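Accompanying notes for the structure given below.
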Amino acid sequence: MKLPCIINEEHYRLEVPADRRVVDLLREDLGLTGTKEGCGTGECGACTVLVDGRSRLSCLTVAAQIEGRRITTIEGLADGETLHPVQQAFVDHGAVQCGFCTPGMVMTAVDLLTDHPEPDRTEITHAISGNLCRCTGYQKIIDAIDRARPSIPGPATRPTLAAADKSPVVRPMVRAATRSSRQIVLPDSCDQLWPLLAASPGARLFCGGTDLFVWLRAGRCQARLLVGLERIDELRGIGSDGDHLRIGAATTHAELLADPTIKEHLPVLHQAVAQLGSPLIRRTGTIGGNLVTASPAGDTLPPLAVLEATVELRSATANRRLSLEEFLLGPGRTDLREGEIVAAIRIPLPPPGSLHSFEKVGRRAALACSIASLAGLLDLDDDGTIRTIRLAWGSVAETVLRLPQIEAALIGQPLDDTHITAVLPAVRKLVRPISDVRAGADYRRLVAANLLRRLPTRFCSDHRLAAGRPQRP
Amino acid sequence: MNHDRRTPNIGEELPRMDAYTKVCGAEPFAVDGYPENLLWAGVKRAGVPHARLLGVAVDRALALAGVRAVLTAAAISGTNRQGVIRRDQPVLVDDRVRHCGDPVALVVAEDQETLAAAIELITLDLEPLPPIFEPRAALAEDAVLLHPEHPGGNQLFGARLVNGAGLEGFAECAVTVEATFHLPRQAHAFLETENGWAIADAAGQIDMTVSTQTPFRDRFEVAEALGLEQNRIRIRAPYCGGAFGGKDGITVQSLLALAALHCPERPVKMWWRREESFIAGVKRHPAHLHYRLGADRGGTLVALAVDGWFDTGPYDHLGGVVAALALEHAGGPYRIPHTDLQTRAVYTNNPVSGAFRGFGVPQVATAMESMMDLLARRLDCCPLELRRKNALVRGDRCPAGVTRRGSMGLTACLDRLAEHPWWSERAAWQAAAGPHCRRGTGVAAVFHGMGYGPIVPDVATAGIELLEDGRLQVQVGVVDMGQGNAATCLQMVGDLLNQPQSQMTLLLPDTARTFPCGSSSASRTTFTYGNALLPAARQMRERLLAKGAEMLFVQDPQEMLLVPGAVRHLASGRDLPLAQLAKQLGREERFVTNHYRAPVAREKSTDDANLRLHGFPHLIFSHAVHLARIEVDELTGTIRVVDYLSISDCGRLINPRTFAGQQEGAVGQGLGYALMEDLGVCDGRITTPDLATYILPTAVDLPPMETIAVTLPEHDGPFGLKGAGEIGIDAPAAAVANAVHDACGLRLLRFPLTAEQLLSELSAMTGGNDER
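In the order they appear, the protein sequences are chains A and B. If you're matching positions, the first sequence starts at 9 in the working numbering and goes up one per residue. If you're matching positions, the second sequence starts at 5 in the working numbering and goes up one per residue.
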């Protein structure tokens with residue numbers, strides 16, 4: 009494809025295969041080797057660049073996705089001889105050891121400071137949790153970002169395609185892959201999408217690509233045509249629709265997290281998205297993508313289940329609406345039909361005063377695949393008894409799991425450790441976990457039940473003592 | 005800019021020179037080489053743990069358009085064997101596959117897609133052999149031998165040290181504790197995976213740039229394995245994007261040289277993907293360690309028995325040396341009169357184990373420091389007091405029977421820890437835990453020997469050149485894999501010669517341009533190279549002053565002073581710029597060099613010549629005491645490290661910030677080892693093949709850290725320093741395990757300390773609360 013884009017403020021028209029990874033395009037084709045690759049699967053963050061001013065993993069981004077975009081790499085950050093304030097802070101505070109994570113780490117920090125010019129240490133720590141460093145133990149990196157406090161220029165805005173076309177440097181690729189075996193198309197509207205799908209049965213849809221591009225690398229996807237939905241504006245955004253919220257399927261996790269309505273009205277979803285993947289994955293991954301991947305560990309699924317969200321499906325000829333339970337059929341399996349896409353998720357607003365809780369257990373505190381998770385949505389009566397309760401577990405069954413028996417057993421009971429503890433054996437019986445490389449089934453069963461015990465301590469300060477520590481032997 | 009004029013001082017927190025280029029993405033790592041006309045090389049790997057190789061079918065791969073070469077062992081005219089102590093690892097398998105990652109065929113192609121396709125087309129004719137996955141099974145009488153020619157059979161290395169009355173010492177003990185520990189296989193997971201590129205000219209001269217800690221030894225190994233003269237090979241070693249021991253020895257080098265020789269005048273690049281790095285690279289040795297420790301009623305240590313098994317995988321790499329260092333450190337930094345210590349490194353068909361920061365010490369330190377806490381509990385005494393009471397001081401014999409000389413700062417570290425509020429206020433902190441939460445504080449005391457031991461020469465040759473433009477070029481003959489030794493060299497030279505960074509340049513290791521030096525390893529890099537460099541710098545200073553005096557017609561060079569960029573005659577105030585001085589001198593006059601060989605222990609503490617060859621004993625030791633404060637979530641078993649303190653005795657510091665960064669990084673890696681890192685292997689195959697399943701600590705997983713140095717001078721060290729690169733990783737696993745014990749009353753013996761394991765033990769201990 010002929011790819012117009014801006015890289016480090018230079019206009020390009022690149023002759024490049026649509027499926028060329030941006031990290032390869034930068035390093036091999038353009039000689040911008042400051043961008044590093046450490047894993048190829050979005051797990052280390054070394055390849056982070058800015059796309060239209062926001063951090064993005066260049067190993068999980070393909071050429072077609074940067075058409076018309078403005079890319080900033082580490083080479084484009086300094087102003088001539090003057091280092092960017094974040095770069096200078098990294099030098100001054102000992103944040104650089106081997107230096108291989110440094111470019112990605114700096115780009116992530118620049119992105120953070122764009123939104124939060126004065127982050128606290130906790131915010132910094134979470135913001136860099138998708139960038140692995142093996143040398144520093146992170147402390148000096150956090151110090152550096154903490155002290156960078158620059159007068160950061162606002163994020164570079166997205167250039168119009170016309171601007172990118174103006175006086176481009178036409179650069180035929182020197183070493184671009186000779187055989188472009190795969191086509192990638194990103195339609196701008198559904199009107200463009202439908203004929204495309206009609207003409208290409210077997211095309212693989214994606215929306216963000218944080219899963220799909222990992223599978224491509226592993227040879228787990230053979231489709232010749234990939235169609236990305238991320239540029240279709242009508243599939244993006246969060247809107248209120250009376251007593252429902254409607255979230256476009258192409259809305260990214262980062263957009264969900266930044267949205268004040270979600271934070272205020274759907275804390276259970278907000279909490280889950282805050283723990284999903286890493287900040288870098290959240291910049292790219294979408295809620296629709298998370299749904300269609302249908303992983304038993306998908307972090308948005310338990311909150312959507314307790315919120316009793318419905319899924320809006322659309323095709324060239326028809327629309328339909330399914331409950332989450334109807335949509336999700338099993339691990340990696342949904343009721344999505346050929347030629348059909350997820351357009352949006354509709355969520356009824358829970359009554360004000362509802363208690364929201366999401367907790368996830370992984371093998372580490374960030375960038376973790378869930379071993380077990382629990383979303384809870386409760387209403388309490390004035391006397392503290394449970395009026396309504398919905399519970400949904402992740403990673404303990406083929407798909408997200410609601411247990412109506414448990415909910416029924418808890419309704420009308422006080423929310424305290426004694427009554428919660430009484431239902432735990434039943435929870436352990438009803439969940440259906442498997443053993444895998446992350447944890448055994450027995451542990452998942454135990455934790456799935458134990459997570460319930462957090463609810464009283466979270467919501468009832470009176471119950472904190474009752475839930476206290478058992479005596480030591 | 006200020007930095008251009010300012011000259012560095014020893015002991016100052018200066019920015020590292022390499023930080024400027026690294027933070028701009030301008031520093032070229034080996035992996036950043038993409039010369040014109042590049043070919044890509046890759047490897048067909050065996051995929052089975054143990055088999056006889058009957059044949060390799062390469063025709064279909066060769067026939068693929070864009071494939072330039074497909075090579076098997078038949079293409080190798082040398083020994084086809086690599087290794088450091090024992091050369092037992094083939095470049096390409098010739099008769100026998102010994103682990104899944106063994107390379108069988110080498111492919112060179114025009115691009116990566118063709119390369120991958122060609123590798124897929126190669127088929128292997130394999131006759132399975134019974135695999136061995138457990139060290140004890142490997143030593144069974146009827147076990148298949150992995151290397152039938154090895155006199156020790158499947159035991160690569162084994163040694164035993166008995167001191168005092170040995171096991172009979174337990175008769176004198178009032179109290180004895182006993183336990184068996186299991187330590188996991190840890191991956192280095194440096195972010196820059198193994199890679200390099202090479203080009204051979206028409207005459208067969210090979211020029212290679214590679215991510216390595218050991219360019220000079222690599223050259224020797226490649227030459228021998230491929231049957232080449234050493235002088236046909238040039239190896240350049242830029243900064244590594246992390247290494248930690250995983251690039252100590254051959255990774256891609258021999259394969260690259262072979263590929264380049266078969267595709268002359270075309271640069272050839274090899275870059276292992278993360279998954280290939282896990283399959284083919286080395287790991288920290290998994291270990292099973294049985295410990296028995298006894299003391300008298302008053303808490304004086306009396307006897308120790310250790311039986312340690314290290315799974316070394318199918319090749320030596322440095323497995324024997326690792327087991328020997330573990331043996332030397334097995335008893336911790338304590339006085340124990342009666343000891344019986346034994347370690348073994350055993351061949352198996354698991355992935356290759358080898359050098360990894362700490363080098364056998366993290367395993368034994370985890371066990372020994374857990375034992376110290378177990379003993380303190382049994383004696384009902386304070387674990388810190390138990391350590392203070394038994395800490396080695398100068399003149400003591402260590403548990404391995406060697407007399408301690410050199411600086412001994414362990415007691416100073418323990419005293420500092422005792423005063424720290426995280427220790428003195430631990431009871432109140434513990435009592436303030438919230439719901440479903442238990443808090444605990446744990447300590448661990450460790451020591452770490454520096455250098456290669458008595459037999460293998462620990463040497464370095466430094467060089468400094470006054471360039472024609474008046475700048476000083478400082479050779480750094482030992483690789484900087486991230487620890488900062490290159491910048492530290494500049495800081496030392498800059499201080500001695502009173503020159504700012506802008507007046508100096510670095511020459512990184514290059515077998516054609518720098519002198520042969522030992523490896524970047526064994527906590528010896530800055531100690532040994534610094535000792536070579538300082539006299540060179542002093543020599544350069546005298547030379548510049550003398551030549552400057554001559555040129556200014558000054559009788560006495562004592563009247564001269566080096567100032568930034570010039571020599572100054574103090575009486576007259578006249579300056580002679582170095583650039584001007586340089587023009588008057590021939591190259592020989594502008595160049596100084598100095599050779600250094602590190603001192604070794606002279607005490608004959610063992611008759612075991614093989615053990616001495618493997619590095620026993622060491623002479624100079626660093627010490628450290630660490631403290632971890634942790635919280636255990638009773639509902640999930642998750643351990644969160646809340647705060648971390650390290651107090652270290654590594655001699656004087658050249659750059660305290662570099663030192664602190666190194667300790668913090670080592671602690672981070674050590675906490676990964678303690679809590680989550682475990683390269684899963686089942687039937688010789690890796691079950692955690694990528695960074696989604698083999699997990700490292702993220703920023704959120706690591707605590708705020710406080711780093712303290714007790715800066716006692718080591719008289720043999722340059723400016724009083726001693727080794728600091730490894731010791732920080734020895735203690736964290738034990739400190740965390742001891743903190744868990746403090747929090748929950750549970751002693752965990754299997755590492756990493758996963759939430760799964762802890763919750764299961766907690767449930768068993770409390771009767772499951774609501775369980776039954």
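In this text, a Cβ means the ideal position worked out from N, Cα and C, and glycines have one as well. Predicted model only: the values in this text are computed from it and were never measured.
- When secondary structure is reduced to three states using DSSP, B:A743 falls in the helix class.
- B:Q346 and B:D315 have their alpha carbons spaced roughly 15 Å apart.
- Setting aside the 5 residues that flank it on each side, B:L762 is surrounded in the same chain by G641, each with a C-beta closer than 6 Å to its C-beta; the list follows chain order.
- Rounded to whole angstroms, the separation of the alpha carbons of A:P25 and A:E131 is 38 Å.
- Contact with chain B is found for A:A54, since one of that chain's Cβ atoms lies less than 9 Å from the residue's Cβ.
- Shown here, B:H54 sits in coil according to DSSP, grouped into three states, outside any helix or strand.
- In this model, B:C521 and A:L213 are separated by some 56 Å (Cα to Cα).
- Taken in chain order, the members of the region 12 to 38 of chain B whose beta-carbon sits within less than 9 Å of a beta-carbon on chain A are E17, P19, R20, D22, A23, Y24, T25, K26, V27, C28, G29, A30, E31, P32, F33, V35, D36, G37 and Y38.
- Distance check between B:K273 and each of B:E279, B:L259 and B:M485 places B:L259 closest, using alpha-carbon atoms only.
- Interface with chain B (9 Å Cβ-Cβ cutoff): A:H101 is included.
- Counting C-beta atoms within 10 angstroms of its own C-beta, B:N354 has 16 or more neighbours from the protein chains shown and is therefore classed as buried.
- Within the region 244 to 330 of chain A, the beta strand (DSSP E) runs of at least 3 residues that lie entirely inside it are, in chain order, 246 to 249, 252 to 256 and 318 to 323.
- Around the beta carbon of A:C67, a 10 Å sphere encloses 16 or more other beta carbons of the protein chains shown; the residue is thus reported as buried.
- Residue contact with chain B for A:V59: absent (no Cβ-Cβ distance below 9 Å to any residue of chain B).
- Between A:I240 and A:L253, the C-beta gap is not smaller than 9 Å, which leaves the two residues out of contact.
- Counted as a single uninterrupted DSSP element, the alpha helix (DSSP H) harbouring B:N394 occupies residues P387 to N394.
- Separation of B:V397 and B:L683 (C-alpha to C-alpha, rounded to the nearest whole angstrom) is 38 Å.
- Taking the beta carbon of A:S137 as reference, the chain B residues within 7 Å of it are T702, A703 and V704, listed in sequence order.
- With contacts defined as CB atoms closer than 9 Å, A:V94 and A:A156 qualify as a contacting pair.
- B:L649 sits in a strand when the DSSP states are folded into three classes.
- By the rule that beta-carbons nearer than 9 Å mark a contact, B:S652 does not touch chain A.
- With a beta-carbon spacing of about 39 Å, B:Y243 and B:D612 fall beyond the 8 Å limit used to define contacts.
- B:H186: not part of any alpha helix (DSSP H); member of the beta strand (DSSP E) spanning V179 to L187, first to last residue.
- Here A:C109 is near A:L140, since their CB atoms are less than 9 Å apart.
- Interface with chain B (9 Å Cβ-Cβ cutoff): A:F214 is excluded.
- Put simply, the CB of B:T692 is near chain A, with a gap under 9 Å to one of its CB atoms.
- Taking a beta-carbon distance threshold of 9 Å, B:C104 does not count as an interface residue toward chain A.
- Cβ contact annotation for B:I123 (same chain, cutoff 6 Å, sequence separation greater than five): G46, K48 and V111, in chain order.
- In this structure, the straight-line span from the alpha carbon of B:E172 to that of B:G358 is close to 34 Å.
- Contact annotation for B:M709 against chain A: G145 and Q147 [CB-CB distance below 7 Å, chain order].
- Under a 10 Å Cβ-count criterion, A:S331 is classified as exposed, with fewer than 16 other Cβ atoms of the shown protein chains found around its own Cβ.
- Leaving aside the five residues that flank A:A97 on each side, the residues in its chain whose CB is nearer than 6 Å to its CB run, in chain order, A152, R155 and A156.
- B:W201 sits in a strand when the DSSP states are folded into three classes.
- Contact with chain A is found for B:P439, since one of that chain's Cβ atoms lies less than 9 Å from the residue's Cβ.
- Taking 9 Å as the threshold, the shortest C-beta distance from A:Q191 to chain B does not fall below it.
- In the displayed model, A:V193 falls within a strand according to three-state DSSP.
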